[in-house]
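A.B. asks: Here it is: the structure, laid out below.
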Amino acid sequence: DAKVYLIGGSIPERDLADNKIYNTCTVYNPEGTIIATHRKVHLFDIDVPGRIRFQESETLSAGKQLTHVDTEFGKIGVGICYDIRFPEPAMIAARQGCFVMIYPGAFNMTTGPLHWELLQRARAVDNQMYVAACSPARDLTAGYHAWGHSTIVGPTGDVIQTMDEKQGIIYADLDLSKMTEFRQNIPLVTQRRFDLYADVSKVKP
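At position 68 of the sequence shown the residue is numbered 68 (full-length UniProt numbering), and the sequence of numbers has no breaks.
And the structure:
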């Protein structure tokens, strides 16, 4: 009804071909048609003795490809939650023409205040692109307490809009001319030294 593109959070998806379960984000066009799916590439497996143990790989399988979506506004890169901790997917997306990375995610009350905004700003400024991360609101009656704080970050690393832990909506205009100007002023793309290190964007998405 709203005639917008929708990055639809993530849901468990069972692949009937291999009977594996993936953490999958679906992307819809303004007609309501699914135009892309992203299966979470990096599974959240941690074990901090005496504090927390979380093993997504006990239930889920890891996705095997990166996701870039073509729209009339430009290309969009998609990741899920823990994917944001790894710089390579955003770097590849930027090098292959994406102007924004979008991450639905649910950091917890420990990692949220430490890293949620920091990682968004890092991915944005490293790649001179927009980054948007959407979190569930915090529900203290639920078994899992999300940090919340959905945020939109600009290509200079500046926080354009952010939420608190409550339910709500934020809006921002993503000005591609400002992104282009910033990339021209600090031309990281042309100054990279691929004679000294690998160009990760050569990996097939």
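Every residue gets a Cβ at the ideal spot worked out from N, C-alpha and C, and that includes glycine.
Please list the terminal residues of the continuous alpha helix (DSSP H) segment that includes residue 121.
C.D. replies: Where residue 121 is concerned, the enclosing alpha helix (DSSP H) stretches over 117-127.
A.B. asks: Look at the Cβ atom of residue 128, then the Cβ atom of residue 163, and state whether they are nearer than 8 Å.
C.D. replies: Against a cut-off of 8 Å, the Cβ pair of residue 163 and residue 128 comes out as no contact.
A.B. asks: Assess, as a yes-or-no matter, whether the region 62-74 is touched by the region 106-115 under the definition of 3 or more beta carbon pairs within less than 8 Å.
C.D. replies: No, they do not touch.
A.B. asks: Short of 7 Å in beta carbon distance, which residues of its chain neighbour residue 200, apart from the five on each side in sequence? Order them along the chain.
C.D. replies: These residues qualify, in order along the chain: 88, 91, 92.
A.B. asks: Starting from the C-beta of residue 145, find all residues in its chain whose C-beta is less than 8 Å away, skip the five residues before and the five after it, and write them out in chain order.
C.D. replies: Excluding positions up to five away in sequence, the list reads 108, 109, 138, 139.
A.B. asks: Using C-beta distances below 6 Å, list every residue in its chain close to residue 160, excluding the 5 sequence neighbours before and after it, in chain order.
C.D. replies: Counting only Cβ-Cβ distances below 6 Å, and skipping sequence neighbours, we find 152, 154, 172.
A.B. asks: Anyone know if the C-beta pair for residue 106 and residue 61 falls short of 8 Å?
C.D. replies: No; because the gap between Cβ atoms is not below 8 Å, this pair is not in contact.
A.B. asks: According to DSSP, is residue 183 part of a helix, a strand, or is it coil?
C.D. replies: Residue 183: helix per DSSP, three-state reduction.
A.B. asks: Does the beta carbon of residue 54 fall short of 7 Å from some heavy atom of the ligand FMN?
C.D. replies: No copy of the ligand FMN occurs in the structure displayed, which carries no ligand at all.
A.B. asks: Where DSSP assigns a beta bridge to residue 55, which residues make up the other side?
C.D. replies: Per DSSP, 45.
A.B. asks: By the DSSP assignment, the beta strand (DSSP E) with residue 136 in it spans what residues?
C.D. replies: Unbroken run through residue 136: none, as it is neither H nor E.
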